[in-house]
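In mature numbering (1 follows the signal peptide of the UniProt record, and there is no 0), the protein residues as written are -20 to -1, 1 to 584. A virtual CB, placed ideally from N, CA and C, is assigned to each residue, including glycine. These figures come from a predicted structure and were not determined experimentally. Scroll down for the structure; my scribbles are underneath it.
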């Protein structure tokens, strides 16, 4: 019984002491946070004397902060003598020497630690971690490299070293580490690409990677992971032709199904490298036959890519007719069905908007919407396209009827709102401004931001001009010009726009006319002619309807067409500073950061 009482008293005393120590520790930490280090050091000194091992880190930290380096040196040496096998005290002594400027003495301590490094994986990791956490990544690297030698394993600690090299941005070492690691661990190639994409920032960095890859490919041509990484390197440097050449050679060597080439071609298309993508798809078409899915997909994408190439630049009627023939040949080869309805849509749009073969386009889409077992979303898309062709061929009643069918369908909300917007625009084209504006005012709350923005702009255009002229005479001519732009008849649109000022010199459409003409020139790929028109809106109409659109469009022209990225950067910044509520704010911010040289998340 007496023993139990004594034990209870001892436990109570220990608990009380521990509570008091914790209270003092919290108080010392608060003093440190407030910049009252002398008061903190006084408490840490008392705690250290009570339990040196437990409070050593706190005490040493306070000594460093107080610049009492001689006392810190004395303390570290005392703990080393007391615990000769525990390396954390040697690490603290080396840190003291570094703070004192005694680099040679610090290096002697590090050399001693490396000399006594145990041949044990976990011990090596733990020791390196202590150095890394102590902000000495260089020593952590040396420990891992020495550990490889001790363990006789040149693959040991690879991921740890990669992390350290990335942290220190040691590009050559990072490249070498990955190239040693990937042949036996090819599943890490995507991770390697992401890491190197974040670290390699200069053309010389990629040149270093290319040189190392070519050396290893020459020495070990059977290791395909090197070729895959070389392809990625060419893509990062926008050397698309070289990337495709390497990919084709690898595909032939492996005699694979071509799926990697197909994926590469999709990336090439997204980077507007149409010629290279076409060459890749042609390889896949030549490789397969119509019973293989890769052949069918490649044939489809080949024609789609040709379409993008033709319509993205200046083209001739011969280019368009050749493209039309490609689509019609595809439909002849595979038939007209729900599986090829996309081609029916593509060729119909080509015929209507580019070749102005309206009867042929109308017939194609009328046939498409009658196909059995059509997906409801695809059917709605075909009907919207058919409605557009009815507009182009001056059949407004047919157009509004088919748009209204989509409005009443059970497809997604975005498609229904798109149909409603097209109906509202049709009313605007034909001069029924009151009904059009009523529909547009509803669409200002559309879930799709682009639809909401288009509806808002057109509603404001109608409102502003009807208030100035209740007859809407000038606006009717402007709406007719808008319809010619929609029909891709730019010459007729220009004539209509030019007539407004002559017939109605006091009209309020000056900025609207400038914007319409700019869009016409962009549609015609005459970018240099569009720029001054947009600049006039930026300068003279900076508080009007099209101001932010003009700033962004002008920035896009300078960035992508007129080769003046500095002007583009200034214009994107103007969106950010002057038009924070603009639809373009997020895209402008992203483009500004890229032009400034920022590395965005996920950017390779």
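Distance, residue j Cα to residue i Cα
i	j	result
residue 453	residue 362	34 Å
residue 160	residue 100	22 Å
residue 461	residue 371	14 Å
residue 510	residue 373	28 Å
residue 234	residue 225	14 Å
residue 332	residue 468	9 Å
residue -10	residue 111	Because residue -10 carries a pLDDT of 46, less than 50, the predicted location of this residue cannot be relied on, and the following value inherits that uncertainty. Straight-line Cα distance between these residues: approximately 38 Å.
residue 242	residue 265	11 Å
residue 162	residue 148	21 Å
residue 194	residue 134	22 Å
residue 523	residue 536	20 Å
residue 44	residue 167	45 Å
residue 438	residue 390	27 Å
residue 9	residue 68	22 Å
residue 202	residue 170	20 Å
residue 54	residue 20	19 Å
residue 18	residue 38	13 Å
residue 35	residue 48	17 Å
residue 348	residue 425	32 Å
residue 40	residue 25	9 Å
residue 405	residue 475	21 Å
residue 158	residue 106	23 Å
residue 304	residue 263	21 Å
residue 578	residue 181	10 Å
residue 210	residue 423	50 Å
residue 31	residue 62	13 Å
residue 402	residue 383	7 Å
residue 478	residue 472	10 Å
residue 443	residue 189	60 Å
residue 126	residue 102	14 Å
residue 197	residue 208	11 Å
residue 493	residue 421	23 Å
CA nearest to the CA of residue i, picked from the options
i	options	result
residue 367	24, 342, 512 and 425	342
residue 352	487, 319, 402 and 16	319
residue 566	169, 429, 443 and 481	429
residue 441	191, 243 and 489	489
residue 344	365, 360 and 535	365
residue 571	545, 562, 179 and 458	545
residue 267	57, 185 and 237	237
residue 192	404, 153 and 306	153
residue 56	75, 46 and 47	75
residue 301	49, 504 and 334	334
residue 139	156, 130 and 132	156
residue 164	31, 206 and 288	206
residue 289	323, 322 and 251	251
residue 337	369, 314 and 512	369
residue 560	528, 576 and 12	528
residue 46	11, 58, 33 and 66	11
residue 508	494, 538 and 521	538
residue 282	109, 360, 480 and 248	248
residue 409	109, 520 and 456	456
residue 95	130, 562 and 387	130
Below-7 Å beta-carbon distance, residue i vs any chain D residue
i	result
residue 375	Of the chains in the structure shown, none is chain D; there is only one protein chain.
Integer Cβ distance of residue i from residue j, believed to fall under 8 Å
i	j	result
residue 23	residue 4	5 Å
residue 257	residue 296	At roughly 21 Å, the Cβ-Cβ gap does not stay under 8 Å, so residue 257 and residue 296 are not in contact.
residue 278	residue 261	5 Å
residue 564	residue 574	Rounded, the Cβ-Cβ distance is 15 Å, inconsistent with contact.
residue 551	residue 534	5 Å
residue 244	residue 227	5 Å
residue 517	residue 491	5 Å
residue 136	residue 128	5 Å
residue 97	residue 123	7 Å
residue 306	residue 357	With a Cβ gap of about 26 Å, residue 306 and residue 357 do not count as contacting.
Just checking, does the stretch 321 to 335 make contact with the stretch 292 to 311 on the three C-beta pairs under 8 Å criterion?
yes
Is the stretch 496 to 516 touching the stretch 431 to 450, taking contact as three or more C-beta pairs under 8 Å?
no
Touching or not, the stretch 85 to 98 and the stretch 117 to 124, by the rule of three or more beta carbon pairs under 8 Å?
yes
Using 8 Å as the threshold, is the stretch 372 to 381 in touch with the stretch 414 to 426, meaning 3 or more CB pairs across them?
no
Count the C-beta pairs between the stretch 396 to 412 and the stretch 478 to 490 that are closer than 8 Å, then say yes if the count reaches three, no if not.
no
Quick one: any contact between the stretch 202 to 217 and the stretch 171 to 190, if contact means 3 or more CB pairs under 8 Å?
yes
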